[in-house]
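Notes for the one structure printed next.
Residue numbers (our numbering): 26 to 112.
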């Protein structure tokens, strides 16, 4: 019974966060740890934010190294992940 009452209160008394209509211009744009998600030999992260508050956060792992030690001059594959955000 306590669980049902807690869930009922949580659904009826939820709080919402309302964002401003437009994000200030100095807060919009692109920020990143490198020139791109494929830059360098370290992990990379990028944040993209539009004036309406919608955006994307993306990140990549460091490039993979071959187990046999052979380097053919090509960059190793990276794992990429991203998810939408709302400011």
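Each residue gets a CB set at the ideal place from its N, CA and C atoms; glycine is no exception.
query	result
Who are the near neighbours of residue 108 in its chain, counting only those whose CB is closer than 7 angstroms to its CB and skipping five residues on each side?	82
9 angstroms is my cut-off, CB to CB: does residue 36 come that close to chain C?	Looking for chain C here will not work: only one protein chain is present.
Could you tell me which of 50, 69, 49 sits nearest to residue 58, measuring between CA atoms?	69
Can you give me the Cβ contacts of residue 87 inside the same chain, cut-off strictly under 8 angstroms, excluding the 5 residues immediately before and after it?	66, 67, 68, 103
Report the rounded CA-to-CA distance for residue 78 versus residue 54, giving the unit in angstroms.	11 angstroms
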